[in-house]
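J.: A single structure is presented below for examination.
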Amino acid sequence: MKANQLKPLCFFILFAFVWLGSSCRKDFDYEDSTGNLSFSKDTIFLDTVFTNIGSSTYALKVYNTSAKDLQIPSITLENGIESFYRINVDGQAGTTFLNTPLLAKDSLYIFIETTVDISTTNQTAFLYLDAIRFDTGIHKQKIPLVTLVKDAIFLFPSDMNQNTLKLGTTDNGEEIQVTGFELSDDQLNFNNEKAYVIYGYATVPKNKTLNIAAGTRVYFHENSGLYMQESSNVIIQGQKSSDAIALENEVIFEGDRLEPAYANTSGQWGTVWFDENSVANQLNYLTIKNASIGLAVNGNTSTVTENLSLKNTQIYNSASVNLWVKGASISAENLVVANAGGSSVNLKGGSAISFIHSTIANYWTSGSRTGPALQITNDADQKTTATFGNCIITGNSTTELLIANLDMNTDALGIQFTNSMVTINAENFTGNPWYDFQNEALYKNIILNEEAAFVDPIKNIFALTATSFALDKGDVMLATQAPLDINEVDRTTLPSLGAYQYIPE
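Here you go:
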């Protein structure tokens with residue numbers, strides 16, 4: 008046989024040996040791991056969950072950094088089938104996995120979830136612990152799993168009390184309908200012993216009052232909220248907290264997703280809606296976060312009693328509007344309303360508003376926004392009255408005050424800003440009498456386009472810094488109407504504008 012005929016034959020034989028060698032590879036070609044695995048995390052902290060509510064899914068990546076193919080003799084949950092954790096290893100669910108292969112320089116994913124029943128303990132909150140164990144004996148490696156579990160009172164519609172509620176109508180006349188339920192008499196006193204988780208719209212019955220004690224936490228599920236129907240009201244009795252982080256005495260309304268990724272995600276839940284005949288509502292030291300609309304307050308001009316009193320209340324990060332008012336009477340002091348996808352405060356026709364020492368701001372950064380910090384509009388046949396004393400109206404736009412659809416006769420409406428700071432591009436409103444900043448019937452001692460210099464408005468920290476132009480600019484007589492700021496600091500001497508009195512360091 009000639010040499011040139013031998014070359015193809017030799018190549019074929021060589022290829023056959025390589026192919027046969029690879030095709031006959033057995034499990035014994037994998038070496039057992041010997042404590043030499045690497046991991047993306049040394050501990051998995053699953054975020055706080057409520058009892059019997061599933062967590063988000065978390066991932067652990069397992070690496071084989073060696074040049075050898077390995078098999079992991081066992082991957083198990085230490086608590087085995089009794090564990091409240093669930094794991095999925097490379098697409099397979101279970102609690103124990105044997106002889107899991109892991110090629111050289113490769114990795115695999117383990118996904119972790121949990122649902123914990125706190126009723127097995129006598130605690131309102133506890134750490135639930137387990138671990139993912141890799142191998143046993145001297146080669147054992149493990150990754151601890153840690154979850155804080157909170158007990159809660161769950162309020163939700165049942166087959167017996169579920170209703171379709173008509174909250175009102177949109178500006179286009181379309182009905183706003185939601186699914187809700189009436190709270191029973193024994194559910195009308197919220198306290199701080201356990202958190203409350205609400206599914207659907209919890210409705211306060213007619214001629215009843217919902218009382219919410221200091222330190223109460225209320226978590227709303229998606230498309231859920233609170234509804235004060237005709238002749239019902241809510242009294243929120245929060246108090247100043249000594250810990251600025253824990254806010255142990257404030258009442259807090261927010262969504263029920265407790266993961267840090269959702270801490271500033273707007274639109275997680277619906278709103279707190281007040282019927283036009285819901286009066287004598289009182290909110291003190293309440294913080295509302297991440298709603299679609301923070302407060303939606305309806306009223307009518309025939310109502311003598313005030314619809315809503317707001318004191319030391321903060322509303323942040325609503326997808327649409329933080330405070331929406333139509334035809335209602337509201338008084339507010341030490342109110343902070345900030346950062347919304349639309350207007351931070353929207354006052355519509357027929358409203359009667361009095362704001363003292365309040366901070367109204369819009370530094371929205373989650374995309375474009377459709378409104379200013381403060382918007383005042385009017386219906387053709389309903390007069391709006393609104394007074395702002397020692398207030399700040401500002402944001403990250405050049406115009407944060409919009410007065411629209413009003414009769415051009417400025418004498419017909421009682422709108423006045425006194426000793427207040429306003430951000431506005433006045434050149435855009437030349438000739439419009441509502442923006443005549445020389446007219447003291449509308450604007451008295453007004454401050455235009457100066458720097459408020461908040462501590463961190465993006466993070467909703469609206470205390471003033473030493474460079475703020477709002478320092479010492481308040482009217483002393485107005486300050487005596489709200490002598491203590493939102494932190495109960497005296498402001499009767501050299502009052503700062505807004506909800507916070509500046510304290511030199």
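Using our numbering, you'd call the opening residue of the sequence shown number 8 and step up by one each time. Positions of the beta carbon are idealized from the N, C-alpha and C atoms, including for glycine.
(1) Give me the Cα-Cα distance between residue 28 and residue 39, rounded to the nearest whole angstrom.
(2) Pull up the distance between the alpha-carbon of residue 92 and that of residue 267, whole angstroms please.
(3) Considering only residues of the same chain and omitting the five flanking positions on each side of residue 400, which have a CB-CB separation below 6 Å?
(4) Sorted by chain position, which residues of the same chain lie with C-beta nearer than 6 Å to residue 173's C-beta, five sequence neighbours on each side aside?
(5) Taking residue 218 as the reference, give the member of 229, 252 and 258 with the closest Cα.
(6) For residue 100, does the count of other Cβ atoms within 10 angstroms reach 16, so buried, or fall short, so exposed?
(7) Within its chain, find whatever has a CB closer than 6 Å to the CB of residue 233; leave out the 5 residues flanking it on each side and keep chain order.
(8) Identify whether residue 542 lies in helix, strand or coil by the three-state DSSP scheme.
(9) On the CB-based measure, 16 or more other CB atoms within 10 Å of its CB, does residue 5 come out buried or exposed?
(10) For residue 449, tell me which candidate among 439, 377, 472 and 421 has the shortest Cα-Cα distance.
(11) Does DSSP classify residue 32 as helix, strand or coil?
(12) Within 10 Å of its beta-carbon, does residue 35 have 16 or more other beta-carbons around it, so buried, or fewer, so exposed?
(13) What three-state label does DSSP hand residue 193 in the structure shown?
(14) Taking three-plus beta-carbon pairs below 8 Å as touching, is the region 442-456 in contact with the region 346-364?
(15) Grouping DSSP H, G and I as helix and E and B as strand, with all else coil, what is residue 370?
(16) With distances taken between CB atoms, is the gap from residue 363 to residue 329 smaller than 8 Å?
(17) Can you list the beta strand (DSSP E) stretches of 3 or more residues lying completely in the region 284-348, in chain order?
(18) Tell me which residue opens and which closes the alpha helix (DSSP H) that residue 393 is part of.
(19) How big is the Cα-Cα spacing for residue 231 and residue 496?
(20) Between the Cα of residue 479 and the Cα atoms of 494, 509 and 370, which residue gives the shortest distance?
(21) Identify, in the order they occur along the chain, each residue of the same chain with its Cβ nearer than 6 Å to the Cβ of residue 377, setting aside the five sequence neighbours on each side.
(22) Would you mind sorting residue 69 into buried or exposed? The rule is 16 or more other CB atoms within 10 Å of its CB.
(23) Alpha carbon to alpha carbon, what distance is there between residue 134 and residue 341?
(24) DSSP three-state call for residue 483: helix, strand or coil?
(25) Could you tell me the alpha carbon to alpha carbon distance between residue 502 and residue 337, rounded to whole angstroms?
(26) Can residue 58 and residue 158 be called in contact, C-beta distance under 8 Å?
(27) In whole angstroms, what is the alpha-carbon distance linking residue 88 and residue 511?
(28) Can you tell me whether residue 20 is helix, strand or coil according to DSSP?
(29) Return the CA-CA distance between residue 346 and residue 296, expressed in angstroms with no decimal places.
(30) Excluding the 5 residues flanking residue 290 on each side, which residues of the same chain have their C-beta closer than 6 Å to its C-beta?
(31) For residue 423, report the span of its beta strand (DSSP E) as first-last.
(32) Thinking C-beta only, is residue 117 closer than 8 Å to residue 44?
(33) Considering only C-alpha positions, which residue in the set 139, 171 and 311 is nearest to residue 95?
(34) Would you kindly check if the distance between the Cβ of residue 474 and the Cβ of residue 458 is under 8 Å?
(35) For residue 42, does the count of other Cβ atoms within 10 angstroms reach 16, so buried, or fall short, so exposed?
T.: So, to answer that:
(1) Translated into positions along the sequence shown, residue 28 becomes position 21. Translated into positions along the sequence shown, residue 39 becomes position 32. Here the model assigns residue 28 a pLDDT of 44, short of 50, so the residue's position is not dependable and the matter cannot be decided.
(2) For the purposes of this step, residue 92 is taken as residue 85 along the sequence shown, with counting starting at 1. For the purposes of this step, residue 267 is taken as residue 260 along the sequence shown, with counting starting at 1. If I take the Cα positions, the gap works out to 20 Å.
(3) Taking the first residue of the sequence shown as position 1, residue 400 is located at position 393. Correct list, in chain order: 367, 380, 381, 407, 408 and 429.
(4) Against the sequence shown, residue 173 aligns to sequence position 166. Closer than 6 Å at Cβ, skipping near neighbours: 182 and 184.
(5) Residue numbering aside, residue 218 sits at position 211 when the sequence shown is read from its first letter. Answer by Cα proximity: 258.
(6) The residue you call residue 100 lines up with position 93 of the sequence shown. Burial call: exposed.
(7) Residue mapping note: residue 233 aligns to position 226 of the sequence shown, counting from 1. 209 and 279, listed in sequence order.
(8) Because residue 542 is not part of the residues shown, which for the chain are 8 to 512, the question remains open.
(9) In the structure displayed, the chain extends from 8 to 512; residue 5 sits before or after that span and is not available.
(10) Indexing the sequence shown from 1 puts residue 449 at position 442. If we check each option's Cα against that of residue 449, 421 comes out closest.
(11) Translated into the one-based positions of the sequence shown, residue 32 becomes position 25. Legend: pLDDT at residue 32 = 44, less than 50; position of this residue unreliable, value from coordinates given subsequently. Three-state result, residue 32: coil.
(12) Within the sequence shown, residue 35 is the residue found at index 28, counting from 1. For residue 35, the predicted structure reports a pLDDT of 48, less than 50, and the residue's modelled location is therefore unreliable. A value from the coordinates is still provided. Counting Cβ neighbours within 10 Å, residue 35 comes out exposed, since fewer than 16 surround it.
(13) Reading the sequence shown from its first residue, position 186 is the one you call residue 193. Helix.
(14) no
(15) As a working mapping, residue 370 is identified with position 363 in the sequence shown. Of the three classes helix, strand and coil, the one that applies to residue 370 here is coil, per DSSP.
(16) Reading the sequence shown from its first residue, position 356 is the one you call residue 363. Reading the sequence shown from its first residue, position 322 is the one you call residue 329. For residue 363 and residue 329, no; Cβs fall outside 8 Å.
(17) 288-291, 293-296, 300-305, 315-318, 321-325, 328-333, 336-340 and 343-347
(18) In the sequence shown, residue 393 corresponds to position 386, counting from 1. Element bounds for residue 393: not the alpha helix (DSSP H) but the beta strand (DSSP E), 392-396.
(19) Position 224 of the sequence shown, counting from 1, holds the residue named residue 231. Position 489 of the sequence shown, counting from 1, holds the residue named residue 496. Approximately 36 Å, taken between the alpha carbons.
(20) Sequence index remark: in the sequence shown, residue 479 carries index 472 (1-based). Checked all of 494, 509 and 370; the closest Cα to residue 479 is 509.
(21) Counting from 1 along the sequence shown, the entry for residue 377 is found at position 370. Counting only Cβ-Cβ distances below 6 Å, and skipping sequence neighbours, we find 349.
(22) In the sequence shown, residue 69 corresponds to position 62, counting from 1. Under this definition residue 69 is a buried residue.
(23) Residue 341 sits at position 334 when you count from the first residue of the sequence shown. Residue 134 sits at position 127 when you count from the first residue of the sequence shown. Approximately 37 Å, taken between the alpha carbons.
(24) In the sequence shown, residue 483 corresponds to position 476, counting from 1. Here residue 483 sits in helix by DSSP.
(25) As a working note, residue 502 is residue 495 in the sequence shown. As a working note, residue 337 is residue 330 in the sequence shown. In this model, residue 502 and residue 337 are separated by some 23 Å (Cα to Cα).
(26) Looking up residue 58 in the sequence shown gives position 51. Looking up residue 158 in the sequence shown gives position 151. Contact flag set, yes.
(27) Residue numbering aside, residue 88 sits at position 81 when the sequence shown is read from its first letter. Residue numbering aside, residue 511 sits at position 504 when the sequence shown is read from its first letter. Whole-angstrom Cα-Cα distance: 59 Å.
(28) Taking the first residue of the sequence shown as position 1, residue 20 is located at position 13. With a pLDDT of 45 at residue 20, under the threshold of 50, the modelled position of that residue is not reliable, and no figure is offered here.
(29) Sequence index remark: in the sequence shown, residue 346 carries index 339 (1-based). Sequence index remark: in the sequence shown, residue 296 carries index 289 (1-based). Looking at the two C-alpha atoms, the distance is approximately 10 Å.
(30) What you label residue 290 is simply residue 283 of the sequence shown in a count that begins at 1. Hits under 6 Å: 243, 317 and 320.
(31) As a first step, residue 423 must be located in the sequence shown, where it is residue number 416. Where residue 423 is concerned, the enclosing beta strand (DSSP E) stretches over 422-425.
(32) For the purposes of this step, residue 44 is taken as the residue at position 37 of the sequence shown. For the purposes of this step, residue 117 is taken as the residue at position 110 of the sequence shown. Taking 8 Å as the Cβ cut-off, residue 44 and residue 117 do not qualify as a contacting pair.
(33) Along the sequence shown, read from residue 1 onward, the residue named residue 95 stands at position 88. Per the Cα distances, 139.
(34) Reading the sequence shown from its first residue, position 451 is the one you call residue 458. Reading the sequence shown from its first residue, position 467 is the one you call residue 474. Result yes, Cβ atoms of residue 458 and residue 474 sit closer than 8 Å.
(35) Sequence index remark: in the sequence shown, residue 42 carries index 35 (1-based). It is exposed - the Cβ of residue 42 has fewer than 16 other Cβ atoms within 10 Å.
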